[in-house]
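K.L.:
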Amino acid sequence: MDVLTHPMENRPRYGVILSPRDMTLPISLGVSGGLFSPELPSGETRRVELEIGFGNGEYTVKYARAHPETMLFGVEVSPACVLRCARRAGGLDNLKLIRADARLMMRELFAEGALDKVTMNFPCPWPKRRHAHRRVTARDFADSLAVVLKPGGVFELVTDDGPYAQEARDRLGSHPALALEQFETNPLRPVTTKYERKWLAEGKSIYRLTFVKTKELPAPEHRTWGLMQERKSIMHIRTERPATPGFVEALNGASGQEGEARWAFGRCYASPQGDAFLLEVFSIDDEFEQRYFLRLSERDGGGLVQLDRTANAFLTPSVRGALRDVASRLS
Ligand SMILES: C[S@@+](CC[C@H](N)C(=O)[O-])C[C@H]1O[C@@H](n2cnc3c(N)ncnc32)[C@H](O)[C@@H]1O
């Protein structure tokens, strides 16, 4: 189940899950018509923070409750974790959850200088060399951090993995716009997680690294997926002929690729009348995976291929590619 397609997001007793379709990207908390401007009084002074990889959300929800003066965003790659955290969050209105890969989406999601603080608690250490590229701090993370943090903004990393802490210290500390302010062992933290308490109770160590953005540098060149471009127009394509049961059956397992963007078609569901289909698609851009449905229907004697209403996928190149792929097979 993809949490972003789950109707739960609309129930007030659950937390707020931001669905890509409704997001104004990059998220800017400026007063001029940004996504959150209706909620924010002019001259908004709330701090804006991001937590990466919040897991079951224990820390996240406690933190948001303890800091009503802060607007906290959580970015987590696991849909199940987003759902768990949303359940915990209840009616909190200062916590927004986004299902995305922070490595690839931080700069797509947040405007330059949007964040006062970024926190990451106990990231997956991926100790094997061949998995090193999966560490959140790998790739161009330091550059992204330096762009989305405000001058004076802070990045706090807490880990139980000594080598990970050392690597982050070297990698982030040597960035020209960031400085390591503190490297602490077993700091007292007002908000903790279950795992952290258990780990400490066993006499093991945790490390907290605090980095500060010290300089405003020109934002480095960034590969962007242009998630805002073609936002409306790419959502549907008309085709010469409509889909048929035979057509969708033949698509099962078919795949496509454009550069780094890849997609594959899965199961298909037919409407009771057999004139519309929901086609499951798995997409991957770089390493960011998404699962959603395309809706194939009849329109004016021809066909219509569109992202299903519930899809809520980010319009990355693979999503656009999959849509175009199906349309071209029907033309
Ligand atoms: C070891 S868990 C820690 C969870 C939580 N922070 C805690 O302290 O209990 C790491 C979490 O990071 C998430 N994660 C891993 N890579 C990520 C990425 N690239 N972007 C966002 N979340 C990620 C995982 O899904 C997992 O929930």
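Residue 16 is where the sequence shown starts when you use this note's numbering, and the numbers rise one by one after that.
Quick reminder that beta carbons are idealized off the backbone N, C-alpha and C, glycines included.
Which one of Phe292, Leu293, Thr331, Ser34 has the shortest CA to CA distance from Glu275?
P.N.:
Cα-wise, what sits closest to Glu275 is Thr331.
K.L.:
First and last residue of the alpha helix (DSSP H) that includes Gly1?
P.N.:
Nothing can be reported for residue 1: it is not among the residues displayed for the chain, which extend from 16 to 346.
K.L.:
Whole angstroms are fine: how far does the CA of Ala216 sit from the CA of Val206?
P.N.:
In a straight line, the C-alpha of Val206 is about 16 Å away from that of Ala216.
K.L.:
Hey, is Pro35 close to ligand 1, as in C-beta under 7 Å from one of its heavy atoms?
P.N.:
It does not: the Cβ of Pro35 is nowhere closer than 7 Å to a heavy atom of ligand 1.
K.L.:
DSSP state of Gln197, grouped into three classes?
P.N.:
Reduced to three states, the DSSP call for Gln197 is strand.
K.L.:
Is the Cβ-Cβ distance between Gly271 and Asp340 less than 8 Å?
P.N.:
A contact, by the Cβ cut-off of 8 Å.
K.L.:
At what residue ranges does the stretch 264-331 contain a whole run of the beta strand (DSSP E), taking only runs of 3 or more?
P.N.:
Runs found: 270-273, 276-285, 292-300, 303-314, 317-322.
K.L.:
Determine whether the beta carbon atoms of Ala115 and Val92 lie at a separation below 8 Å.
P.N.:
Contact: yes.
K.L.:
For Arg184, collect the residues of the same chain with a Cβ closer than 8 Å to its Cβ; drop the 5 residues on either side in sequence, then sort them by chain order.
P.N.:
Same-chain partners within the cutoff: Leu195, Phe198, Leu224.
K.L.:
May I ask you to check if the CB of Phe329 is nearer than 7 Å to at least one heavy atom of ligand 1?
P.N.:
No, ligand 1 has no heavy atom inside 7 Å of this Cβ.
K.L.:
Straight-line CA distance for Asp300 to Arg36?
P.N.:
Distance between the alpha carbons of Asp300 and Arg36: 18 Å.
K.L.:
Measuring CA to CA, which of Tyr74, Asp158, Lys111, Asp155 is closest to Tyr29?
P.N.:
The shortest C-alpha separation from Tyr29 is found at Lys111.
K.L.:
In three-state terms, what does DSSP make of Lys213?
P.N.:
In the structure shown, Lys213 sits in a helix (DSSP, three-state: H, G or I).
K.L.:
What residue range is occupied by the uninterrupted alpha helix (DSSP H) comprising Lys77?
P.N.:
From DSSP, the alpha helix (DSSP H) with Lys77 extends over 73-81.
K.L.:
Can you round the beta-carbon distance between Leu103 and Thr85 to whole angstroms, since I take them to be within the 8 Å contact cut?
P.N.:
This sequence places Arg at residue 103; Leu is not what is there. Not really, about 17 Å apart at Cβ, beyond 8 Å.
K.L.:
Beta carbon of Ala101: closer than 7 Å to some heavy atom of ligand 1?
P.N.:
No; taking the cut-off as 7 Å, the Cβ of Ala101 has no heavy atom of ligand 1 nearer than that.
K.L.:
Between Ile221, Pro140, Val227, Asp290, which has its C-alpha nearest Val162's C-alpha?
P.N.:
Cα-wise, what sits closest to Val162 is Val227.
K.L.:
Is it buried or exposed, Ser220, if we count other Cβ atoms within 10 angstroms and call 16 or more buried?
P.N.:
Ser220 comes out exposed.
K.L.:
With burial defined as no fewer than 16 other Cβ atoms inside 10 Å of the residue's Cβ, what is the status of Asn327: buried or exposed?
P.N.:
Flag for Asn327 reads buried.
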